[in-house]
Amino acid sequence: MPTLPVHPDSPTAPPVADDRTHVLGLAVPELRALLALAGADQSYRVDQCLDWLYAKRVDSFDQMLNFPRGVRERLGELAVLYRGTILRESASSDGTSKLLVGWPDGGSIETVWIPDGERHTACLSSQVGCPVGCRFCASGINGVQRNLTTGEIVEQAQHIRRLIGERGRLSNIVFMGMGEPLANYENVLAAIRVLNAPWGLGIGARKITVSTVGLPKQIRRLAEEDLQLNLALSLHAPDDELRRELIPWDVPIDELLDACRYYFDRTGREITFEYVLLHEVNDRPRHADRLAALARRLRANVNLLRYNPVEGLPFQRPTAESAFRFQERLRERGVNAHMRTSRGSDIAAACGQLRRTTTATGTVATTASTSASAAAAAEAPPSE
Ligand code: SF4
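Have a look at this one:
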């Protein structure tokens, strides 16, 4: 499949396969304009429509029974509620579920539901593929196809809500699925505003986590949004030399930490470092010592994750004992370090194991898109 180069500062526009408006991506003024176009220009119609979309979660405009039939028909001509098709649904024995969602242009992504008692977390994707290409992760192997739109991001959360059904309420969101969310900044932020809005999904900002390999400019910009989002930095190496080997986007750690410090100072939100332990690559005592020093600089928490091998990639999973020793070494140095256990491994949702494959026609045939980060989400839902 041809891949579009995506520079962090200039995200690609998605190809348009259906030019009707995707309602789930709209802010209130845009929805008001759409309703007016459809012949429902009374102010109360906006609240009625939002109630159908997010409180009642209807599947079609036809179900919006307090709207005149003509308005519903016109809305169907102008707009769509859901763009995606559920191509596959996989359920783990531990309760984790994955949806493979296909979009009209042939792109597809996975989105994950992680139940944990009363907490229900959705792990959302932000791009079709990933432009970063971390060496240990299958998700970036084929590069990135495109950014997801705002509506496509919100739609994932709506699908997860359907899965949860009567069992509870979607309480947490992590942007740890496929893609680098800060490389699709505008759409991710617009989606967060819908997820967070009282008229939308009503999920508190403190229960929404954005995970990034690190784009300093976008981290600073996020800090200035005046949202109380959690920020997770996918660090994975404690020095620049090793990090360059693992993560092709070459951003000096000092620069990243400065941006994270700005985020912490501005929002008061603690930073979390995500760290995938790779046997004899980044899991030696000297790595723990350096990581501890970095974490102490920011008073950051560290989430450790034992690597799950990916066929064709040269990395190994460390033993539980060596991972435990690494964690203890961090703790002895005053770092709040947690080790996560794998979930969803029976549906191949474990860390970085899945990959996208393409057919000769360029269609995504298998969209195994759960990334290292997505699995980290399954293994490390945020603490709130
Ligand atoms: S670990 Fe995350 S940032 Fe790195 S290639 Fe995988 S999805 Fe992209």
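By numbering that gives the first Met the number 0, the letter at position 279 of the sequence shown is numbered 278, and the numbering carries on one by one without gaps. Every residue gets a Cβ at the ideal spot worked out from N, C-alpha and C, and that includes glycine.
Length-filtered (4 minimum) alpha helix (DSSP H) runs lying within the segment 48-91: 68-77
Euclidean distance between Cα positions of Asp225 and Val70: 37 Å
For Asn302: DSSP bridge partner residues: Glu273, His337
Nearest-angstrom beta carbon gap, Val301 and Tyr274 [assumed within contact, 8 Å]: 6 Å
Cys122 in three-state terms, based on DSSP: strand
Supposed contact pair Leu214 and Ala182 - C-beta distance, whole angstroms, cut 8 Å: 7 Å
Contact test: Cys48 Cβ vs ligand 1 heavy atom, cutoff 7 Å: no
Own chain, CB closer than 8 Å to Arg220, minus 5 neighbours either side, in chain order: Tyr184
Cβ neighbours of Leu245 in the same chain (closer than 7 Å, five flanking residues each side left out): Cys133, Arg134, Phe135, His235, Ala236
Ser96: first and last residue of the uninterrupted beta strand (DSSP E) it sits in: 96-101
Sequence-distant residues of its chain with Cβ nearer than 7 Å to Val153 (five each side left out): Leu23, Gly24, Ala190, Val193, Leu194
Straight-line Cα distance separating Gly101 from Leu293: 40 Å
Through-space distance from Met175 to Ala359, alpha-carbon basis: A caution first: Ala359 carries a pLDDT of 31, below 50, which makes its placement in the model too unreliable to give a value.
Backbone secondary structure at Asp18 - three-state DSSP: coil
Straight-line gap, Pro114 to Glu165 (C-alpha atoms, nearest Å): 13 Å
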